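Colleague: Chains as they are written, first to last, in the numbering used here: chain F, 1 to 207; chain G, 208 to 414.
Note that CB positions come from ideal geometry on N, CA and C, so glycine has one too.
Only a predicted model underlies this, so the values are computations on that prediction, with no experimental measurement involved.
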DNA sequence: AAAAGAATCCCGGAAAACAGGGGTTTTATC
DNA sequence: GATAAAACCCCTGTTTTCCGGGATTCTTTT
């Protein structure tokens, strides 16, 4: 019996997943949690074989949660569940120890397949994810850039439509500093204007 | 027996919804469709009492689909289902004839409540949506701007990080024209720089 | 057929952002 | 305690965007 835990903040999704997994005799859903904190608590009292983990959780990003779980309990295998198929997200999840990546628009049996596949030690990507990765054509596979607190702060203010000067005023720093951060952000995102930075950040849900 | 149709492109969600609705004796799920086209086809052969409609569909935006359905079959009541609780989205849906708006992180019985409420002629908003609208504080309630084909095209190119000149080259139009469009976009979105336009557009999923 | 809206084009000055160099001081991490 | 990052600061020249007008054609709706 494979023990599966569901980490997902949408009760309807949870309901659907449970239902699908129930239909398979070899799988047992041993718990469902809506946020990162309660998962980590629950894990202290016992680990499942597989975790189905939503990438977007209310309290912590799935990427980070994935990393933390794997650090503490390396035997737990994680399948990322997500609406997105952006390469950077996929990549970050896999690099943080996820063994599978399934999109939410997947069919029920695709998830069951995924569970069995990763229990066999394979890495499982659903068809649309594979497609997305294929289209990515190698070197485009940049992960989500790691940005600092300050950079994020500035990014958010830029997103609000403030100018460099307004941001400088608000944070009590010089415009030159703001421009440096702006520059660094553009570099980290690999683009050459702030508009693209904001677009990407919003895609990666960093805003 | 209330006949309900589910319009949702995530099979897992569909599964969850069906499961929840099955638990109520007065509700019958008479069909489930994954895109706008198949819904419209199905409706020609008979209408349900209520439609649970996802706002993000692969082929058509939920907002438009909602409008079309209501135009042809005004008796069908629509409950919008969505991950977002952005005011503009909520507003657009309600203005296009939706009678209810429930977020996907809602509990199962909230959806059942919603169905009964709108069958009684009420308008139903789930708690978090009400919260979102309350926070909106009036005048912020701008709907998603209606943008033209051309504007959308230019918006996308701007999102790619192209400059006015590059866009002009690519579309074989003058830079002045591009600037006009840029200007109109800013006006329609009520902001004063392109970065904000792109951010909003990406939030509203217009990109 | 008239009106409205979309799409195209035009100008010039002011205000930002970008590019690309320089540097110091905190704050983590090893 | 050393080293590396982060966060901070500064400069100048160039490019791009923003803002404020105004104008013509084409298409769609009434």
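Helix, strand or coil: how does DSSP classify residue 37 (chain F) here?
Modeller: Residue 37 (chain F): helix per DSSP, three-state reduction.
Colleague: Does residue 176 (chain F) pass the burial test, meaning 16 or more other C-beta atoms within 10 Å, or should it be called exposed?
Modeller: With fewer than 16 Cβ atoms within 10 Å of its Cβ, residue 176 (chain F) is classed as exposed.
Colleague: I believe residue 100 (chain F) touches residue 118 (chain F) by the beta-carbon criterion, under 8 Å. Please report the beta-carbon distance rounded to the nearest angstrom.
Modeller: Sure, about 5 Å apart at Cβ, within 8 Å.
Colleague: Counting only beta-carbon separations shorter than 9 Å, does residue 199 (chain F) have a partner in chain G?
Modeller: True, the Cβ-Cβ gap to chain G drops below 9 Å.
Colleague: Excluding the 5 residues preceding and the 5 following residue 395 (chain G) in the sequence, name in chain order all residues of the same chain whose CB lies nearer than 7 Å to its CB.
Modeller: Excluding sequence neighbours, residue 395 (chain G) sits near 352, 354.
Colleague: Grab the span of the beta strand (DSSP E) containing residue 78 (chain F) for me, first residue to last.
Modeller: Residue 78 (chain F) -> beta strand (DSSP E) spans 77-82.
Colleague: Run the CB neighbour count on residue 386 (chain G), radius 10 Å, all protein chains shown included, and call it buried at 16 or more, exposed below.
Modeller: Exposed, since its Cβ has fewer than 16 Cβ neighbours within 10 Å.
Colleague: By DSSP, does residue 67 (chain F) sit in helix, in strand, or in coil?
Modeller: Reduced to three states, the DSSP call for residue 67 (chain F) is helix.
Colleague: Check the Cβ of residue 13 (chain F) against every Cβ in chain G and list those closer than 7 Å, keeping chain order.
Modeller: The answer, in chain order, is 219, 220, 223.
Colleague: Starting from residue 209 (chain G), follow its DSSP beta bridges and name the residues at the other end.
Modeller: Beta-bridge pairing links residue 209 (chain G) to G:234.
Colleague: Using alpha carbons as the reference points, say which of F:182, F:125, F:34 lies closest to residue 152 (chain F).
Modeller: For the residues F:182, F:125, F:34, the minimum Cα distance to residue 152 (chain F) belongs to F:182.
Colleague: Alpha carbons only, please: which of G:410, G:212, G:223 is nearest the one belonging to residue 236 (chain G)?
Modeller: The candidate whose alpha carbon is nearest that of residue 236 (chain G) is G:212.
Colleague: Is the shortest distance between the beta-carbon of residue 409 (chain G) and the beta-carbons of chain F less than 9 Å?
Modeller: Judged by the 9 Å Cβ criterion, residue 409 (chain G) is in contact with chain F.
Colleague: Is residue 241 (chain G) closer than 9 Å to residue 282 (chain G) when the C-beta atoms are compared?
Modeller: For residue 282 (chain G) and residue 241 (chain G), no; Cβs fall outside 9 Å.
Colleague: Once the 5 residues before and after residue 67 (chain F) are set aside, which same chain residues still bring their CB inside 8 Å of it?
Modeller: Same-chain partners within the cutoff: 96, 97.
Colleague: Closer than 7 Å by beta-carbon distance: list the chain F residues that pair up with residue 368 (chain G), in chain order.
Modeller: What residue 368 (chain G) touches in chain F: 191, 192, 193, 195, 196.
Colleague: If the cut-off is 8 Å on Cβ atoms, which residues from the stretch 301-323 of chain G count as contacting chain F, listed in chain order?
Modeller: The residues in question are 311, 312, 313, 314, 315, 318.
Colleague: Residues of chain F with a CB under 8 Å from the CB of residue 209 (chain G): which are they?
Modeller: What residue 209 (chain G) touches in chain F: nothing, since even the nearest Cβ is about 18 Å away.
Colleague: Span of the beta strand (DSSP E) holding residue 261 (chain G)?
Modeller: Start and end: 257-261.
Colleague: Under the three-state reduction of DSSP, which class applies to residue 398 (chain G): helix, strand or coil?
Modeller: In the structure shown, residue 398 (chain G) sits in coil (DSSP, three-state: anything other than H, G, I, E or B).
Colleague: I'd like the span of the alpha helix (DSSP H) that includes residue 156 (chain F), first residue to last.
Modeller: Here the alpha helix (DSSP H) through residue 156 (chain F) covers 149-159.
Colleague: I need the DSSP call for residue 332 (chain G), collapsed to helix, strand or coil.
Modeller: Strand.
Colleague: Excluding the 5 residues flanking residue 218 (chain G) on each side, which residues of the same chain have their C-beta closer than 7 Å to its C-beta?
Modeller: Contacts found: none.
Colleague: Need the endpoints of the alpha helix (DSSP H) that residue 377 (chain G) sits in, please.
Modeller: Taken as a continuous stretch (DSSP letters only), the alpha helix (DSSP H) holding residue 377 (chain G) covers 371-378.
Colleague: Please confirm if residue 413 (chain G) has its CB atom under 9 Å from at least one CB of chain F.
Modeller: Not closer than 9 Å to any Cβ of chain F, the Cβ of residue 413 (chain G) fails to qualify, so no.
Colleague: Determine the closest residue to residue 322 (chain G) out of G:238, G:373, G:366, G:233, with distance taken between C-alpha atoms.
Modeller: Among G:238, G:373, G:366, G:233, the Cα nearest to that of residue 322 (chain G) belongs to G:233.
Colleague: For residue 248 (chain G), count the other beta carbons within 10 Å of its own beta carbon; 16 or more makes it buried, fewer makes it exposed. Which is it?
Modeller: Classification for residue 248 (chain G): exposed.
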